[in-house]
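Here is the structure we will look at, set down as structure tokens.
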Amino acid sequence: MPIQATEQIIDEIRHGKMVIIMDDEDRENEG
């Protein structure tokens, strides 16, 4: 699955496309 810039993702949402947002596996749990 390709990683895309935030602006490109927002544009895809505006055009009704579905996006999947994932957290980085290597980050420690925060919060």
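Each residue of the sequence shown is one higher than the one before, counting from 4 in my numbering. Don't be surprised by glycine CBs; every beta carbon is placed ideally from N, CA and C. Source: prediction; values computed, not measured.
Per DSSP, GLN7 lies in no alpha helix (DSSP H) segment and is marked neither H nor E.
Between MET21 and GLU28, the alpha-carbon positions lie close to 22 angstroms from each other.
Exclusion of the five residues before and after ILE12 leaves VAL22 as the residues of its chain whose Cβ lies within less than 7 angstroms of its Cβ. In the three-state reduction of the DSSP assignment, ILE23 falls in the coil class, being assigned neither a helical nor a strand state.
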